[in-house]
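Here the structure is laid out as structure tokens; the discussion comes afterwards.
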Amino acid sequence: MGAALVGGLSGGLLAPWAKARFDRHHDRHQAFDRTIAAVNAVLYAYAAPTEVSRAELGNSSYAQDFLDQLRPRRMERFIDATLAMRQAIAELEAHHKVVWDPDRFQLAPEELARLIEQLKRAR
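Residue numbers in the sequence shown follow this note's numbering, run continuously in steps of one, and reach 1464 at the last position.
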């Protein structure tokens, strides 16, 4: 009976602490995952194609509309991905100080790859 009482008390006292610790660790891991995914999205948007061969699309009006919208849509996606990356890094700052230059809007692909590696190591 005494062992059950001690076990119940210690479990009752330690369970909230263990849950809080697990939740903090889980939140931190998710923040890293979101940030890595956001930086990858910027890297992919940066490398998205800007030209498609006319032979691949044909001569329809749809093909011309597609070609006309290819560059503007790529830029829109790049800007959206960059803003999402900045937001993810800002959310990660509560868990980890990211080494990067927040004053520059556009980072080179090499810098993005370095940032991904830094985040993976810190995770």
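Glycine residues also receive a C-beta, built at the ideal position from the N, C-alpha and C atoms.
Would you identify the three-state DSSP class for Trp1441, choosing helix, strand or coil? Residue state, collapsed to three classes: coil.
In three-state terms, what does DSSP make of Glu1417? Per DSSP, reduced to three states, the secondary structure at Glu1417 is helical.
Tell me which same chain residues have a C-beta within less than 6 Å of the C-beta of His1370, skipping the five on either side of it? Counting only Cβ-Cβ distances below 6 Å, and skipping sequence neighbours, we find nothing.
Quick check: Ala1379 and Met1416, are their CB atoms within less than 8 Å of each other? Cβ atoms of Ala1379 and Met1416: not closer than 8 Å.
What's the C-alpha gap between Ile1430 and Thr1376? Going by the C-alpha atoms only, they are around 6 Å apart.
Does DSSP put Arg1462 in a helix, in a strand, or in coil? The answer is helix: DSSP assigns Arg1462 an H, G or I state.
Could you tell me whether the Cβ atoms of Phe1407 and Ala1386 are closer together than 8 Å? Result no, Cβ atoms of Phe1407 and Ala1386 do not sit closer than 8 Å.
Just to confirm my understanding: we take Ala1422, look at its own chain, exclude 5 residues before and 5 after, and list those with CB closer than 6 Å. What are they? Counting only residues of its own chain and dropping the five nearest sequence neighbours on each side, Ala1422 has a CB closer than 6 Å to the CB of Ala1382, Val1383 and Ala1386.
Taking the straight line between their C-alpha atoms, what separation do you get for Ser1402 and Ala1372? Their Cα atoms are separated by approximately 44 Å.
Quick one: measure Cβ to Cβ for Leu1433 and Val1439, integer angstroms, because I've assumed they're closer than 8 Å. Going by Cβ atoms, the distance from Leu1433 to Val1439 rounds to 6 Å, so yes, they are a contact pair.
Spatial neighbours of Ala1454 in its chain, beta-carbon cut-off 8 Å, leaving aside the 5 residues before and after: For Ala1454, where only same-chain residues beyond five positions count, the Cβ hits under 8 Å are Leu1384.
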